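So the structure is just underneath, and the comments pick up after that.
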Amino acid sequence: MNTSHQNKVIVGRFGAAHGVCGEIKVHSFTEQKAAILDYRPWFIYQGKEWQEIPVCSNRISGKDILASIHGCQDRDIVKRYTNCDIYVTRDQLPELDEGDVYWADLEGLNVLTVEGQRLGTIGSMLETGANDVMVINGEVEHLVPYLDHVVIKVDLKAQQMIVDWDPKY
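Residue 2 is where the sequence shown starts when you use our numbering, and the numbers rise one by one after that.
Okay, here's the thing in structure tokens:
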């Protein structure tokens, strides 16, 4: 499968093998943890190629989400997927309300202060519990909270974000 990265959005990551029958833990990045189970098919990007992951079954066991992958009947086979990111096609995601964005759409945006100083580009997002935090890679790394009073404007078409933030932080 040779589909563009831009058509895919990361929704989770495979964890450790579980038990001896080929189940694997799934770490969900979706807002509601179990929502990852609503999306199919899943893809991984491995060896510079997209690979569709045929999930036979899944279940929730305590705090864990477990999946069984077709062709993986024991833990040694399924371990090859450990730490692989799980992607779905963008068209599976629900429409957002006006002004809302997916984290995947923020990554790579150029970030400028309200004074016009470039901080860098958004490399990743962190969920801290109190609020989400943008990791901005530039001359120095900035950790900037994703809060309404900090994020002044997001322009996805221009690939730019304006923030009210002191670059000394």
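Cβ coordinates follow ideal geometry from the N, Cα and C atoms, glycine included. Because the structure is a prediction, the values reported are computed rather than measured.
The beta carbons of L120 and Q161 sit no closer together than 8 Å.
Per the DSSP secondary-structure output, A18 pairs in a beta bridge with I25. In this structure, the beta-carbon distance from I70 to G13 does not fall below 8 Å. Only residues of its own chain outside the window of five on either side were considered, and among them V145, V164, D165, W166 have a CB closer than 7 Å to the CB of V151, listed in chain order.
Unbroken alpha helix (DSSP H) runs of no fewer than 4 residues, entirely contained in the region 69-111, are found at 76-79, 104-107, following chain order. Around the beta carbon of V115, fewer than 16 other beta carbons lie within 10 angstroms, which makes this residue exposed.
Assignment of K9 by DSSP, reduced to helix, strand and coil, places it in the strand class. Between V10 and R91, the beta carbon gap of about 5 Å places them in contact (Cβ cut-off 8 Å).
Partner residues in the beta bridge of V136, as assigned by DSSP, are S125, L144.
Taking every protein chain shown into account, the CB of T129 has fewer than 16 other CB atoms within 10 angstroms, so this residue is exposed. According to the DSSP assignment, F44 belongs to the beta strand (DSSP E) that extends over 43-47. In the pairwise beta carbon analysis, the region 59-77 is classified as touching the region 11-30: at least three pairs are separated by under 8 Å.
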